[in-house]
Amino acid sequence: MSAFIRDLLELEFLQNAFLAGILCSIASGVVGTYVVLKRITYIAAAISHCILGGLGAARYFSVVYDLPWLRPVYGAIVTALASALLIGFISLRAREREDTVISALWAVGMAVGVLFIFKTPGYNEDLMSYLFGNILMVSREDLYLIAGLDLLVVGLSVSFYYQTVAVCFDEEFARTRGVAVEFYYLLLLCLTALTVVLTVSVVGIIMVIALLSLPVAIASRFFDSVWKIMIAATLLGMTFTLSGLALSYSPNLPSGALTIVIAGAAYFLTLAWSTFSRPTLAKSAAANTDS
Amino acid sequence: MKIDSSAPVVRFSEVNFAYEDGITVLENINFSLEPGEFACVVGPNGGGKTTLLKLILGLLKPVSGSISVLGQPPGRAQAQIGYVPQFSKFDAGFPVNVLDVVLMGCLRRSFFWGRYSDEQVEKARRALAAVGLQGKDGRAFAGLSGGQKQRALIARALVSEPRLILLDEPTASVDVAGTEQFYNMFEELNQRFTILMVSHDVGFISSRVKSVLCVRKTLQIHPVSELTGEALQNIYGVDVSVIRHDHRCSDKGHICPHS
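Chains D and E, in that order, give the protein sequences. Using our numbering, the letters of the first sequence map in sequence onto residues 1 to 291. Using our numbering, the letters of the second sequence map in sequence onto residues 1 to 259.
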């Protein structure tokens, strides 16, 4: 731990990792709250797996055609937004078999990514860091991207707070009030897509969904309004990613995996604690009589 | 019920509706709802009751026929309709307080970047008082009982000062004593609003409402006296036990299915 603090003051890659943990937690706390409340964790997971296709393709073309400006994250952003819009239109238009289409995108996106990575000349260590994340590889440019996303997410959430909450609570009623439900739904999916792309650098494709949902799941046991949950989930996300980073540093463990284990342990502890030690919402509702 | 009227709140003429899979849900529906009416739509599950409400709201479009709501096409009249869905379809733990739920009724298409005004908050408090939830505005919606949640959703519909209130099975999860209180409240609200509600407890509601519309794919006008066990059996398609309360239907009769 003391080695971590000493190196944090000196090594730039560690400072970048530290800042990435803080900045990613802002976007994932806010967007994760919407994802959990709107019950679209499955869609968020599909988008996160889909982006392997974009990462792999961008890296392949960058190496094979010598395009140094084409960074894998750009491929990921394009793929994530495209799959979010595709899933959004499918779930708005077609009422049935939505989950089948989402599963297909999920798997096909990954398969395309694996093929591109396989055909890319050179050493293929990147596959592991895409799947499981490597917060120590975050660059200055990545930090600017993540900070820009934070501004976008927080700005839009503050501007459209009441509409987005109404859409999550009761889409049909919001529509009868003239709220542009489709617009907010697609906006939400696009923000989810961007958040997923940038959070992948911290915990990887496979575990990103845990970082979106676990802090919110814990926060929603203690707070009863959406904005409070967003703030609490952000703070919890920071705690998990930074403790994951710090505790994994000296023993040289993968920090993404350790972050998720810490978040999961915290979640199950909260679950156990709130089940045994205090009345839950359900119990207090049952004790409530009609007036 | 008359088909011709000077200014009906809702008018259906020769309306047909089918979902995309081709199954006809409503066939040749004709009726009109006069201002000040308190009408109840009854019929079996899957008979088209909720579809009828969604057509009035403009959330669904008829395959053929015409619908006018407050003299306008259904989608245009949405702002003047207060829609009350069933509370049971909501996420029971959604983190929102009662006042914020009611204020959702104030949302508008043009409500960009907006915050609620003091006037809207005041209206929301009055709407809560009108449904018997005064003083509960800061409470968590998730912590309310079923009946209280349903009242909060009614307040959310009242806050936009609608001309028509649509209620989808408002007493579905309320016990008998609670149901009685609900009908007292509806009678009071009916002095200010036209009310159309969907229900399947026929015997009970018909003692309070002014007219009854029976929907099972089709509608046909029957005189009041035919709302007997046999007529209900035709509506529901199975044996139903009827507990007759003091029956009072509108002098225009009521509408029953042709089955």
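Each residue gets a CB set at the ideal place from its N, CA and C atoms; glycine is no exception.
| query | result |
| --- | --- |
| Tell me, please, whether the CB atom of GLY105(E) is closer than 9 angstroms to any CB atom in chain D? | yes |
| Leaving out five residues before and five after GLY178(E) in sequence, what residues of the same chain have Cβ atoms less than 6 angstroms from its Cβ? | GLY147 |
| Alpha carbon to alpha carbon, how far is CYS168(D) from ILE5(D)? Give it in angstroms, no decimals. | 42 angstroms |
| Name the DSSP bridge partner or partners of LEU196(E)? | ALA39(E) and LEU166(E) |
| Just the C-alpha distance for TYR34(D) and ILE260(D), rounded to the nearest angstrom, thanks. | 20 angstroms |
| Verify the CB distance criterion: does HIS222(E) have a CB-CB separation below 9 angstroms to chain D? | Its pLDDT being 48, under 50, HIS222(E) is placed unreliably by the model, and the measurement read from it follows with that caveat. So, not an interface residue. |
| Buried or exposed: where does TRP106(D) fall if 16 or more other Cβ atoms within 10 Å of its Cβ makes it buried? | buried |
| Tell me which residues of the segment 76 to 98 of chain E have at least one Cβ-Cβ distance to chain D shorter than 8 angstroms, keeping chain order. | GLN78, ALA79, ILE81, TYR83, PRO85, PHE90, ASP91, ALA92, GLY93, PHE94, PRO95, VAL96 and ASN97 |
| Name the DSSP beta bridge partners of ASN97(E), please? | ALA140(E) |
| In whole angstroms, what is the alpha-carbon distance linking ILE299(D) and ILE206(D)? | Residue 299(D) cannot be examined here, being either before or after the span of chain D that is shown, 1 to 291. |
| Got a sec: which bits of the segment 155 to 174 of chain D sit with their beta carbon under 7 angstroms from any beta carbon on chain A, in order along the chain? | Included in the structure are the protein chains D and E, with no chain A among them. |
| Residues of the segment 175 to 190 of chain D in Cβ contact with chain E at a cutoff of 8 angstroms, in chain order, please. | ARG175, THR176, ARG177, GLY178, VAL179 and ALA180 |
| Spell out the partners DSSP gives GLU11(E) in its beta bridges. | A small fix is needed here, since residue 11(E) is Arg in this sequence, not Glu. Partner(s): SER32(E) and SER68(E). |
| Is the segment 69 to 81 of chain E touching the segment 49 to 57 of chain E, taking contact as three or more C-beta pairs under 8 angstroms? | yes |
| Let me check one thing: in DSSP terms, what residues is ALA18(E) bridge-paired to? | THR24(E) |
| Comparing C-alpha positions only, which one of ALA20(D), VAL31(D) and LEU9(D) sits nearest to ALA217(D)? | VAL31(D) |
| Would VAL41(E) pass as a contact of VAL198(E) if the rule is Cβ separation under 9 angstroms? | yes |
| I'd like to know whether the C-beta of VAL30(D) is nearer than 9 angstroms to at least one C-beta of chain E. | no |
| DSSP three-state call for ILE205(D): helix, strand or coil? | coil |
| Which residues of chain E have a Cβ atom closer than 9 angstroms to the Cβ of SER225(D), listed in chain order? | PRO95, VAL96, ASN97, ASP100 and ALA140 |
| Between the segment 217 to 241 of chain D and chain E, which residues of the former have a C-beta closer than 8 angstroms to a C-beta of the latter? | SER220, PHE223, ASP224, SER225, VAL226, LYS228 and ILE229 |
| Whole angstroms is fine: what's the gap from VAL36(D)'s alpha carbon to THR176(D)'s? | 24 angstroms |
| Helix, strand or coil for ARG6(D) per DSSP? | helix |
| Which of the three DSSP states, helix, strand or coil, is assigned to LEU213(E)? | strand |
| Using beta carbons (cut-off 9 angstroms, strictly below), is TYR183(E) in contact with chain D? | no |
| Confirm, please, whether the CB-CB distance from MET238(D) to SER25(D) is below 9 angstroms. | yes |
| If we count Cβ pairs, one from each stretch, closer than 8 angstroms, do we get three or more for the segment 49 to 62 of chain D versus the segment 113 to 127 of chain D? | yes |
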